[in-house]
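In mature numbering (1 follows the signal peptide of the UniProt record, and there is no 0), the protein residues as written are -16 to -1, 1 to 216. Glycine included, each C-beta is placed from N, C-alpha and C at the ideal position. All values derive from a computational prediction rather than experimental measurement.
Here it is as C-alpha cells:
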C-alpha cells in the first residue's frame, strides 16, 4: 500500500547518489532559457560496463511526430521549460525541444506505468505536466517527474529498428510496501540516473514555426556538468 505522505518525504532523497551527499557548498549555477540534459549516474557501482555518465538526452524517431527518449554520447538536443509562472509554481510546467520543419514542439512524455515502470517519449506536443526542473530554491538543478521515483536507463531493443538496442530513458516509481519500506522498482538491467541541465543556447525560431517560445523560462543550469566534483 502506498503512503503518499511518506513518498512526498522521499522526493528529495536518492539512495547512494553523489547529489544526495550532505554538503556545506554547492556547484555554482548559471541561468539560461536553453539547456541540454546530462546524465549523472546516482550509484557509480551500478553503472553499465561502458559508463553512461555524462551522456546526454536525445531521442530516436519511431514514427510521425513520435520518438523514444534515449541517451547518447554522440547526439543531444536543446530543451527548455515551457509554462506560465503560475504553472511552474504549481509543478504544471513541461520540458520541450523543437524539431521538424517548420519547427514544432516535442515534449517529454511519461507514459502510463506498467509494473511501476514507465516509458519516456518525446512526442509532438507539450509533454507531461510536472516534468520540469527543480525550483530555484533547491541546491541542485535536475529534471523532475510528476510522481516520486527515479529516471532510469535501460539497454533495450527497439522493434522499429529491427531489434537494434538503444539506451532508453524510463521512469521507475517508488512505492511503499506493507512493512513501510520503500521499493524503487528499478529493473536489474537498468541504471538509476539524474538528468542535470547544462546551459545551452536556445536557437531563435524561424518565420512560420509552429513552436513558440512565448512562455519559455530562464532556469538554473550548470556551465559544464562534467567538471563538477559532487563530493565537495
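Is residue 193 near residue 86, with beta carbons less than 9 Å apart?
yes
Going by beta carbon distance, what residues of the same chain come within less than 8 Å of residue 95, once the five residues before and after it are set aside?
102, 103, 104, 105
Other residues of its chain near residue 110: CB distance less than 8 Å, five sequence neighbours each side excluded
66, 78, 80, 89, 91
Just the Cα atoms here: how many angstroms apart are residue 138 and residue 99?
Residue 138 and residue 99 have their C-alpha atoms some 15 Å from each other.
With residue 92 as the anchor, note down where its beta strand (DSSP E) starts and where it stops.
88 to 94
Pairing CB atoms from the region 154 to 162 with CB atoms from the region 120 to 134, are three or more of them under 8 Å?
yes
Distance check for residue 205 and residue 123, CA to CA, integer angstroms please.
11 Å
When you compare only the Cα positions, how much space is there between residue 129 and residue 146?
31 Å
Could you check what DSSP says for residue 12 in three-state terms: helix, strand or coil?
Of the three classes helix, strand and coil, the one that applies to residue 12 here is coil, per DSSP.
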